[in-house]
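*Asks:*
In this note's numbering, the protein residues as written are 1198 to 1416.
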């Protein structure tokens, strides 16, 4: 019930955010600004998801509870989805702004490497059969992969990049408000997906345990 309410709120905020995005694009007289409202919220939520995954992995290493490992995995998968949206949308936006889908500037490149690194995390979770070893190796790898995020934030300051100089149009009040609304909508959908997926996987784990125990009892 609570999840349904959360979903309804997310949809409602998304509708308002979409209308605000349309109005701000008209006021700014920039058709390509629509990509801003998808790209930025997607990459921000991607970072939030990976941060949550990191915290859950550290909690697993400290407490050795597999619920934390599951949370880390779910958050990482959602981070990859949001990251893919950010990369694709960002490339299309780059084409209209910089006349190239990909410029290999530091922020773009490190974001791509980060995405690939977390694909590696999921590969580890899928490739190791032993549950304890999989969780332990995955948690350590997760901590190492996360180190790319601080580097990504610093990249715009350490090296020249078009990301270092945001246009004044993007900082205008109508645009900022629309961006905030879209960020809230993206965050609400993330929370909904996180709770829903975690619940489903938790039920799946319980079923697997019952099947295993029944099998052991029948031997």
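Virtual Cβ for every residue (Gly too), placed ideally from N, Cα, C.
Count the other CB atoms, across all protein chains shown, that sit within 10 Å of the CB of residue 1268; report buried if there are 16 or more and exposed otherwise.
*Replies:* Taking the first residue of the chain shown as position 1, residue 1268 is located at position 71. With 16 or more other Cβ atoms within 10 Å, it is buried.
*Asks:* Along the alpha helix (DSSP H) that carries residue 1296, what are the first and last residues, could you check?
*Replies:* One-based indexing of the chain shown puts residue 1296 at position 99. That residue, residue 1296, is in no alpha helix (DSSP H); it is neither H nor E in DSSP.
*Asks:* So residue 1312 is in the alpha helix (DSSP H); what residue range does that whole segment cover?
*Replies:* Stepping through the chain shown from its first residue, residue 1312 is reached at position 115. That run of the alpha helix (DSSP H) goes 1303 to 1324.
*Asks:* What do you reckon, is the C-beta of residue 1395 under 6 Å from a heavy atom of the ligand ADP?
*Replies:* The ligand ADP is absent from the structure shown, which contains no ligands of any kind.
*Asks:* What is the C-beta distance between residue 1308 and residue 1275, in whole angstroms, given that I count them as a contact (C-beta under 8 Å)?
*Replies:* Translated into positions along the chain shown, residue 1308 becomes position 111. Translated into positions along the chain shown, residue 1275 becomes position 78. That pair is no contact at about 16 Å.
*Asks:* So what's residue 1344 in DSSP terms, helix, strand or just coil?
*Replies:* Residue mapping note: residue 1344 aligns to position 147 of the chain shown, counting from 1. Coil, per DSSP.
*Asks:* Grab me the residues of residue 1431's own chain with a C-beta within less than 6 Å of its C-beta, minus the 5 sequence neighbours each way, in chain order.
*Replies:* Nothing can be reported for residue 1431: it is not among the residues displayed for the chain, which extend from 1198 to 1416.
*Asks:* Give a yes or no on contact between the segment 1215 to 1222 and the segment 1368 to 1385, applying the rule of three or more CB pairs nearer than 8 Å.
*Replies:* With a cut-off of 8 Å, the segment 1368 to 1385 and the segment 1215 to 1222 count as touching, because enough Cβ pairs lie within range.
*Asks:* If you reduce the DSSP assignment to three classes, tell me which class residue 1327 lands in.
*Replies:* Your numbering for residue 1327 matches position 130 in the chain shown. In the structure shown, residue 1327 sits in coil (DSSP, three-state: anything other than H, G, I, E or B).
*Asks:* Are there 16 or more other CB atoms within 10 angstroms of the CB of residue 1199, so buried, or fewer, so exposed?
*Replies:* As a position in the chain shown, residue 1199 is number 2, starting the count at 1. Answer is exposed; the Cβ neighbour count stays below 16.
*Asks:* So, using beta-carbon positions, are residue 1402 and residue 1332 closer together than 7 Å?
*Replies:* Numbered from its first residue, the chain shown carries residue 1402 at position 205. Numbered from its first residue, the chain shown carries residue 1332 at position 135. No, they are not a contact pair.
*Asks:* Looking only at its chain, what residues have a beta carbon closer than 8 Å to the beta carbon of residue 1238, apart from the 5 residues adjacent to it on each side?
*Replies:* Along the chain shown, read from residue 1 onward, the residue named residue 1238 stands at position 41. Answer for residue 1238: 1376, 1379, 1380, 1382, 1383 and 1384, listed in chain order.
*Asks:* Throw me the rounded Cβ distance for the residue 1272 and residue 1315 pair, which I believe falls under 8 Å.
*Replies:* Against the chain shown, residue 1272 aligns to sequence position 75. Against the chain shown, residue 1315 aligns to sequence position 118. The Cβ separation is near 10 Å, so there is no contact.
*Asks:* Please report the straight-line C-alpha distance between residue 1281 and residue 1312, rounded to a whole angstrom.
*Replies:* Taking the first residue of the chain shown as 1, we reach residue 1281 at position 84. Taking the first residue of the chain shown as 1, we reach residue 1312 at position 115. Cα-Cα distance, rounded: 8 Å.
*Asks:* Do you know offhand how far residue 1337's Cα is from residue 1254's?
*Replies:* Taking the first residue of the chain shown as position 1, residue 1337 is located at position 140. Taking the first residue of the chain shown as position 1, residue 1254 is located at position 57. Distance between the alpha carbons of residue 1337 and residue 1254: 8 Å.
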